[in-house]
Each structure stands twice: as structure tokens, then as C-alpha cells.
Amino acid sequence: MSVLNMFKFFLSLLAKKDIMAIIITDDCINCGACEPECPNHAIYEGGANWTLMDGTLLKGEQTTPMGNTYHADAIQKPVSDGVYYIVPDKCTECVGFHDEPQCAAVCPVDCCVDDPAHRETQEQLEAKKRFMHLA
Ligand code: SF4
Ligand code: SF4
């Protein structure tokens, strides 16, 4: 393989690298700075219920790109009772809106981190954004 082809090969690997969703760790100090920054309304205060409909254009029964089915306005149980949390089905890593995750950018204690349990490609995140916002 030529040097040029090797270079192209490594570039293609980088382009296909999975992106991880963001998770909030227990280091969260509940300051609330991240919640209004999320373009998908994917962030909720600990103990608060969430819905698929919040901050999206979704109505009726929906199966998300992650394969979970919800009624858009059905009230869902909190993912965390103690600290702010992110709903994986709604987090796009800010793809489609911003160049970097806004929650991580504003968090004063750097507790919005990559979630190895939720790996998605750029294409999957773009599809999730289109699914929620119909554009
Ligand atoms: S990365 Fe972006 S979309 Fe995901 S929770 Fe944070 S602010 Fe919301
Ligand atoms: S900005 Fe950070 S510390 Fe503040 S609520 Fe969000 S995750 Fe917690």
C-alpha cells in the first residue's frame, strides 16, 4: 500500500469513528447551567419526569432511532433522582445545532462526559436530530 493510500485509509477510519453520547456523572452540583443550553431538551433535573415531546416536534407513538417506542407526550420516569440527567434517546451530542456538546461546554465541574454505553456515528446522530425536529 502506498503512503498516500495508507494516509487515506487512516482518514477513513477517523471519519467512521463512533461518537459517544454524553452522560452526567455524580459529580454534578445541580447548578442547572446545562439544562437551558440543550437544543433537544434532553437534560432534566434529578427526580423530574421527562417526555419525548419536550423540545421536539414529535406527536403520537414514536419509535426512536435507538429503537425505543414511546408515546410522545407520555410521562417517563426520571433516569436519575439525585443529579441532573440526560435522556440518551434525545441527546444528539448537539449535532445539527452546535460544533460541540453545549452541556459539557458550560458545566463548571466538567461532569458531562462521554458515555461508553451509548456509541453512535455522526450519521446516526444526524438522523436522530432529523427525527426529533423533522428537519
Ligand atoms: S450533548 Fe447537546 S444534545 Fe446532548 S445533552 Fe448535551 S446539550 Fe443536549
Ligand atoms: S452544568 Fe454540570 S453541574 Fe450544572 S447541572 Fe449541568 S451537569 Fe450538573
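Everything in the sequence shown is counted per the numbering used here, starting at 223 for the first residue and increasing by one. Note that beta-carbon positions come from the ideal geometry of N, C-alpha and C, so glycine has one too.
Trp-272 and Cys-260 have their alpha carbons spaced roughly 14 Å apart.
By the 16-neighbour rule on beta-carbons within 10 angstroms, Thr-314 is buried. Out of Val-301, Gly-268, Asn-290, Ala-294, the CA that lies nearest to the CA of Asp-276 is found in Ala-294. Beta-bridge pairing by DSSP links Met-242 to Arg-341. Contact between the region 287 to 302 and the region 318 to 336 is not established, with fewer than three Cβ pairs separated by less than 8 Å.
Sorting His-355, Ala-326, Met-354, Val-317 by C-alpha distance to the C-alpha of Glu-345 places Val-317 at the top. Annotation for Tyr-306: Ile-246, Cys-250, Asn-252, Gly-254, Cys-256, Glu-257, Ile-265, Tyr-266, Glu-267, Gly-268 place their beta carbon closer than 8 Å to its own, counting only its chain and skipping 5 residues before and after. For the pair Pro-300 and Ala-270, the CB atoms are nearer than the 9 Å cut-off. Bounds of the alpha helix (DSSP H) holding Gln-324 are 324 to 328. Leu-280 places its beta carbon 9 Å or farther from that of Ala-296.
Going by DSSP, Gln-298 is part of no beta strand (DSSP E) at all; its letter is neither H nor E.
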